[in-house]
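Okay, structure first, notes after.
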Amino acid sequence: MDDAAPLAPPAGALPPGWHGRVDRGAVGVLFDRPRPVLSSALVNGGWGQAGGFCNMTVDSAAPRHAGGPAALVAETAAARGLPADSVGMMTGAWMHRLRLASVREAGHTLCLLLTAGLANARRAGDPADGAELVPAGDGPLGDEPVGTINCAFGTSLALTPAACAETLATLTEAKTATLIDHGVTSPVAGAPATGTGTDATAVFAGLDGAPLAYTGKHTRFGELAARLMIAALGDALAGMRGAAHAR
């Protein structure tokens with residue numbers, strides 16, 4: 003893709019008020035108004051309000067940023083015109099691996115933006131890379147870019163904080179199911195992988211209507227959210243087959 007080329011999904015693929023651009027180094031989304039978000043992101047993670055989202059590629063051959071990974075992601079977001087409260091992630095996967103899955107139903111949109119790399123696939127419970135319960139600095143991985151499954155899920159529907167947490171859990175289960183279905187294994191355990199060691203997921207709630215309180219597997223919302231993850235990650239994994247490096 004060309005630098006600063008517009009992200010051009012089909013009409014209605016992104017929730018109203020989402021404005022996305024993607025280039026070789028990052029995907030950035032600017033919101034017309036701040037959105038509630040729950041995430042495990044490197045920058046502005048946790049529960050809060052966000053004015054945008056950024057997922058950036060870090061080349062393993064590039065010099066390390068003096069300010070550390072969080073500062074690098076924040077600078078990348080700012081360079082793309084995103085506000086300081088934007089949620090930011092980093093990955094070793096290139097942006098040509100970006101996948102977008104979206105569905106519109108009953109006048110509402112659910113969408114998912116995903117990049118996937120498997121260089122550090124792991125099974126939950128594998129022996130850790132670091133021995134310390136409370137590591138110094140950035141921890142055992144430092145700021146070295148590795149294969150990661152990064153996901154930003156968004157909807158036009160308002161969600162309670164608990165529903166955001168339930169949606170994040172549903173997406174994680176769908177991710178694990180997809181990895182198992184595609185035969186991805188942990189090089190540590192030799193058993194089915196449940197993710198990578200550095201996955202990040204963000205759930206951006208919408209602003210329409212009374213907040214949904216339930217979004218689990220018994221709900222239509224939960225079904226659709228899971229199917230978006232299965233579709234996007236499944237397509238990304240299929241695209242990796244035959245590649246020399248799963249970045």
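Number 10 in the numbering used here belongs to position 8 of the sequence shown; there are no gaps in the numbering.
Where a beta carbon is used, it is the ideal one built from N, C-alpha and C, also for glycine.
Supposed close pair residue i, residue j - CB separation, criterion 8 angstroms
i    : j    : result
S42  : A164 : At roughly 17 angstroms, the Cβ-Cβ gap does not stay under 8 angstroms, so S42 and A164 are not in contact.
P194 : R125 : 7 angstroms
R101 : G30  : With a Cβ gap of about 16 angstroms, R101 and G30 do not count as contacting.
T196 : N152 : With 8 angstroms as the limit, T196 and N152 do not qualify as a contact, their Cβ atoms being about 16 angstroms apart.
N57  : A154 : 7 angstroms
G149 : T198 : 6 angstroms
Residues sharing a beta bridge with residue i, DSSP
i    : result
G22  : V31
A123 : T198
G156 : C113 and F206
L239 : For L239, which the question treats as bridged, DSSP gives no partner whatsoever.
L161 : L214
Exposed unless 16 or more other CB atoms sit within 10 angstroms - verdict on residue i
i    : result
A76  : buried
K219 : exposed
G141 : Annotation note: pLDDT 49 at G141 (below 50); position unreliable, coordinate value reported separately. Exposed, since its Cβ has fewer than 16 Cβ neighbours within 10 Å.
P38  : buried
E134 : exposed
G208 : buried
L235 : buried
G241 : exposed
R243 : exposed
R99  : buried
Member of the options whose CA lies at the smallest distance from the CA of residue i
i    : options                   : result
L44  : G53, R243, T200 and G211  : T200
H184 : K219, D210, A233 and A191 : A233
V60  : G14, G70 and R23          : G70
H110 : R26, P17, A207 and E134   : P17
L159 : G236, A215, T172 and E175 : A215
L226 : W20, R106 and G50         : R106
A204 : T221, R99, R35 and T172   : T172
A179 : C166, V190, L230 and F223 : L230
F33  : T196, L40 and G19         : G19
T217 : R35, A238 and T169        : T169
A228 : G90, E175 and G192        : E175
A96  : V24, K177 and A15         : Residue identity differs from the one stated: residue 96 is Trp in this sequence, not Ala. Comparing Cα-Cα distances from W96 to each of V24, K177 and A15, the minimum goes to V24.
G22  : A86, D131, G156 and S188  : G156
G50  : A238, A121, F206 and R222 : F206
P36  : G27, A28, F55 and G48     : F55
Beta carbon proximity, residue i to chain D, threshold 8 angstroms
i    : result
A193 : The chain labelled as chain D is not found in the depicted structure, where only one protein chain is given.
beta-carbon residue i near the ligand FAD non-hydrogen atom, thresh 7 angstroms
i    : result
G119 : This structure lacks the ligand FAD; in fact it carries no ligand of any kind.
Mind pulling the beta strand (DSSP E) runs of 3 or more residues that sit fully within the segment 171-232?
202-206 and 210-214
For the segment 33-117, which segments carrying the beta strand (DSSP E) assignment without a break, of at least 3 residues, lie completely within its bounds, in sequence order?
48-59, 89-93 and 101-107
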